[in-house]
Amino acid sequence: MEAVSEIDWRGSLPFQEMLGDRPVEVYSFSELSGNMMPTPHRHKFDMILWVKKGTGVHEIEYQSYEMVPGRLFMIPKGQVHFVKQYAEDGVVVLIKENSGMKLESSVWRSFYNVPYVELNGLNCDIFMGLFSFLQIEARNKYPDLPIIENLLNGMLLTLSRQLKPVKIYYTSGNLDTVLRVRDLIEQHYLEHKDPEFYSRQTNMTLRKLNKILRDIEGKTIHQLLQDRLLVESRSLLSVTRLSVKEIAFILGFEDPAYFCRFFKKKAGNTPHTYRELNAGFNTPSTGQIPHS
1 MEAVSEIDWR GSLPFQEMLG DRPVEVYSFS ELSGNMMPTP HRHKFDMILW VKKGTGVHEI
61 EYQSYEMVPG RLFMIPKGQV HFVKQYAEDG VVVLIKENSG MKLESSVWRS FYNVPYVELN
121 GLNCDIFMGL FSFLQIEARN KYPDLPIIEN LLNGMLLTLS RQLKPVKIYY TSGNLDTVLR
181 VRDLIEQHYL EHKDPEFYSR QTNMTLRKLN KILRDIEGKT IHQLLQDRLL VESRSLLSVT
241 RLSVKEIAFI LGFEDPAYFC RFFKKKAGNT PHTYRELNAG FNTPSTGQIP HS
């Protein structure tokens, strides 16, 4: 089995770059649909996707969500997603990593348990007005970054007002803990599956850490680790030709049969069935974006 560790499996799920070189880019669905990867991928940028007309299907972390008018999705960098079917009309904002702008990060945090928000009424009108100005400024020959920053923050604060009736706001310290845990899981989920490791890294008791995570994420550290393993399992089954035994080994399961039981319990299908159902994703990809 030593050969498995030499396989560049981490590159199996591609990262998509920005389409252009501006710090913020705005596109309509019609402009974007032919230039985005049609299979699961990750971004190196943050993304706002707003549906204006028609219906479609958006998959986030291998969960499908309907695209309907007024629904707005926020996809942070690194999250697995793809649009199965674009709605008739909508807009997308791409925000470059390390753009130099100071944005309302607390709003992005609020979307951990809320994959989308329904924009309606006055909030929708305000958001639409701010977006119209953003679109003009972002496409200006010489865009003004401070203006774009203020417009984006206005949009994000409008979203936070829409979220308040359905989501409790938490202290910044607890939210920072959640961000820290997410980063730690991303870095160590393969070699450290013991929840105690993460409590030590955050200088908290496991009981206190789990309480913070349950309050904000609705899950314990153990459940978050299992979720991350499931996402990677689905990625490897979808876009590589590695055997189930090899995938189990990569993910740290000493017994492939135990991996199969874990996957079926979490995903509802056996690894073999899941791979057959998602055979269309098992095509080579360079991770590069064609330019129109």
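Heads up: the sequence shown at position 134 corresponds to 134 in UniProt numbering, and the numbers run straight through without jumps.
We put the CB at the ideal spot given by N, CA and C, even for glycine.
Can you name the residues that DSSP bridges to residue i?
{"i": "ASP46", "result": "ILE95"}
{"i": "GLU59", "result": "SER64, PHE82"}
{"i": "LYS141", "result": "Looking at the DSSP assignment, LYS141 forms no beta bridge with any residue, so it has no partner."}
{"i": "SER28", "result": "VAL91"}
{"i": "HIS41", "result": "HIS81"}
{"i": "GLU118", "result": "ARG71"}
{"i": "VAL51", "result": "GLY90"}
Given a threshold of 16 other Cβ atoms within 10 Å of its Cβ, counted over all protein chains shown, does residue i qualify as buried or as exposed?
{"i": "VAL114", "result": "exposed"}
{"i": "ILE148", "result": "buried"}
{"i": "residue 295", "result": "Only positions 1 to 292 of the chain appear in the structure, and residue 295 is not among them; the question remains open."}
{"i": "ILE168", "result": "Residue confidence is low: ILE168 scores 46 on pLDDT, short of 50, so the model does not pin down where it sits. Its coordinate-derived value is still stated next. Per the 10 Å Cβ criterion, exposed."}
{"i": "GLN85", "result": "exposed"}
{"i": "ARG275", "result": "buried"}
{"i": "ILE247", "result": "buried"}
Going by DSSP, what residue range makes up the alpha helix (DSSP H) through residue i?
{"i": "MET101", "result": "From DSSP, MET101 is part of no alpha helix (DSSP H); its letter is neither H nor E."}
{"i": "GLU276", "result": "271-277"}
{"i": "LEU19", "result": "Neither: LEU19 is in no alpha helix (DSSP H) and is coded neither H nor E."}
{"i": "residue 328", "result": "Outside the displayed span of the chain (1 to 292) sits residue 328, for which this structure offers no information."}
{"i": "SER233", "result": "221-239"}
{"i": "LEU206", "result": "206-216"}
CB residue i to CB residue j, shorter than 8 Å?
{"i": "PHE45", "j": "ALA87", "result": "no"}
{"i": "VAL92", "j": "LEU49", "result": "yes"}
{"i": "ARG228", "j": "ILE185", "result": "yes"}
{"i": "VAL80", "j": "TYR62", "result": "yes"}
{"i": "MET155", "j": "PHE127", "result": "yes"}
{"i": "MET204", "j": "LEU94", "result": "no"}
{"i": "LEU242", "j": "LEU236", "result": "yes"}
Could you spell out where the beta strand (DSSP E) holding residue i opens and where it closes?
{"i": "PHE73", "result": "71-75"}
{"i": "VAL114", "result": "Careful: VAL114 lies outside any beta strand (DSSP E) and carries neither H nor E."}
{"i": "TYR189", "result": "From DSSP, TYR189 is part of no beta strand (DSSP E); its letter is neither H nor E."}
{"i": "SER243", "result": "That residue, SER243, is in no beta strand (DSSP E); it is neither H nor E in DSSP."}
Quick check: what's the CA-CA separation for residue i versus residue j?
{"i": "residue 293", "j": "ALA138", "result": "The question about residue 293 has no answer here: the residues shown for the chain are numbered 1 through 292."}
{"i": "ILE60", "j": "GLU217", "result": "16 Å"}
{"i": "VAL51", "j": "ASN269", "result": "31 Å"}
{"i": "VAL231", "j": "GLN201", "result": "23 Å"}
{"i": "LYS96", "j": "PRO271", "result": "35 Å"}
{"i": "TYR198", "j": "PRO146", "result": "38 Å"}
{"i": "GLN16", "j": "HIS41", "result": "7 Å"}
{"i": "GLY70", "j": "CYS260", "result": "39 Å"}
{"i": "LYS211", "j": "GLY20", "result": "42 Å"}
{"i": "PRO76", "j": "PHE82", "result": "13 Å"}
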